[in-house]
Amino acid sequence: MLYKSPIPIPMNLLASGAALLIYIGIVRSTNIVLTNDDGWAVAMIRAQNSALLEAGYDVVLSAPAENESGTGSSTATPTTLTEPCEFNTCPTGSPPEGFNASDPRLNYVNAFPVDSVRFGIQTLSPKFFGGAPDFVVSGPNVGNNLGTGTVDISGTVGAACEAAKEGIPSTAFSAAGLSQVSFTDLSNDDADTLAALVFSQLTVEFVNALLAAGPPFLPPGISVNVNYPSSTSSSCASPSDFSFILTRIAPSNSATDVETCGTDHLPGETAVVATNGCFASVSVMNATTKADVDATTQAFVLGRLGNFLSCLS
């Protein structure tokens, strides 16, 4: 029986049945490491894990044992737990790396986000996938990561950049309007649950669009920083309400960007997310410097995403 995608399929792939079969095959054969900096048991990462699985991806979760927000690209050797994992999901004295007893694909690492994604790529992927992953999803983070200063210290961005430096294409996702709550809260029909479900679906849609044409998904050493505005307002309550805008991390009047939406000066991501409406920013960044890239590299991502991207009205 054919796999039925639960999300919209890019229109340019509906032109032929053959293209649709190729798209389905890509989703079904793509191996993803999922990580974050908020911790392995936070509601958002577990909602994202479920959404990627439901979309047909093969997923392994590898995230910090505790909240490690704001740790950037810090790294350390994982150590035995001297206190319980976040939300008491593992006891004091647990090993440096561990997993959920009922689902060994849900893993913690008692160190930083960079160490967590490295463990996912180097240890868990060969175990579960038989080799390296195809893609890394970092986040969505609880709170936005916008602009140069914030991007530099973000553990979510740090993990995505580490993946790219190890040769695995990646994207960092961050969202306003989320709270640092346990995955057990996902059984509640509250604002945090609804927000997590919206952002997890948006992330799947973005990943589908970026990966739809097959590898290479991104140029070597390049990652992408995506930020969502809050979904708590009635106008942004559904994934279909959102639009994705190509942006820069640091706006510049002197830099010549890829030409799109009638200009070769991309808007800054902070301004786009703050614009009235439901606009998500998409910035292409160098994984080593965490800075904006040249127009040619931006053009590669623009070409990958095509009509999935919109223009500010």
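Take the sequence shown: its position 252, counted from the start at 1, is 252 in full-length UniProt numbering, and no numbers get skipped.
A virtual CB, placed ideally from N, CA and C, is assigned to each residue, including glycine.
All values reported here derive from a predicted model rather than from experimental measurement.
Query                                                                                                                                                                 : Result
Taking residue 41 and residue 87 to be in contact with their CB atoms under 8 Å, please state how far apart those CB atoms are, rounded to whole angstroms.           : 5 Å
Should residue 169 and residue 218 be called a contact, given that it needs their Cβ atoms to be closer than 7 Å?                                                     : yes
Quick one: grab the DSSP three-state call for residue 292.                                                                                                            : strand
Quick check on residue 258: does DSSP put it in helix, strand or coil?                                                                                                : coil
If you follow the alpha helix (DSSP H) that residue 192 is in, where does it begin and where does it stop?                                                            : 191-211
For residue 140, which three-state DSSP category applies?                                                                                                             : strand
Would you report the Cα separation of residue 44 and residue 140, rounded to the nearest angstrom?                                                                    : 7 Å
Have a look at residue 120 and residue 79 and give me their C-alpha separation to the nearest angstrom.                                                               : 16 Å
Counting only runs of 4+ residues fully inside the segment 93-173, write out the alpha helix (DSSP H) ranges in chain order.                                          : 113-119, 125-129, 147-153 and 155-165
Quick one: what's residue 63 bridged to in DSSP?                                                                                                                      : 108
In the DSSP output, what is residue 325 paired with across the bridge?                                                                                                : With the chain running from 1 to 313 in the structure shown, residue 325 is simply not present.
Hey, would you say residue 224 sits closer than 7 Å to residue 181, going by beta carbons?                                                                            : no
Is the Cβ-Cβ distance between residue 258 and residue 298 less than 7 Å?                                                                                              : yes
Taking residue 31 and residue 133 to be in contact with their CB atoms under 8 Å, please state how far apart those CB atoms are, rounded to whole angstroms.          : 5 Å
So the beta strand (DSSP E) residue 224 belongs to, where does it begin and stop?                                                                                     : 222-228
Quick one: grab the DSSP three-state call for residue 309.                                                                                                            : strand
Mapping the DSSP letters down to three states, classify residue 217 as helix, strand or coil.                                                                         : coil
Mind the definition here: the segment 195-207 touches the segment 58-75 only if three or more C-beta pairs lie below 8 Å; say whether that holds.                     : no
Quick one: what's got a C-beta closer than 7 Å to residue 81's C-beta in the same chain, skipping five residues either side?                                          : 65, 90, 92, 93, 94 and 110
Could you give the first and the last residue of the continuous beta strand (DSSP E) run that contains residue 53?                                                    : Not the beta strand (DSSP E): residue 53 falls in the alpha helix (DSSP H), residues 43-54.
From this set, 221, 222, 62 and 242, which residue's C-alpha is nearest residue 230's C-alpha?                                                                        : 242
The alpha helix (DSSP H) spanning residue 270 covers which residue range?                                                                                             : 269-274
Can you give the Cα-Cα distance for residue 214 and residue 83, rounded to whole angstroms?                                                                           : 43 Å
Looking only at its chain, what residues have a beta carbon closer than 7 Å to the beta carbon of residue 247, apart from the 5 residues adjacent to it on each side? : 266, 267, 268, 269, 272, 281, 282 and 283
Across which residues does DSSP place residue 263 in a beta bridge pair?                                                                                              : 260
Short of 7 Å in beta carbon distance, which residues of its chain neighbour residue 300, apart from the five on each side in sequence? Order them along the chain.    : 219
Between the C-alpha atoms of residue 97 and residue 192, what's the straight-line distance to the nearest angstrom?                                                   : 28 Å
Please confirm whether residue 68 and residue 155 have their CB atoms less than 7 Å apart.                                                                            : yes
I need the boundaries of the beta strand (DSSP E) containing residue 243, first residue and last residue.                                                             : 243-247
Measuring CB to CB, does residue 209 end up less than 7 Å from residue 305?                                                                                           : yes
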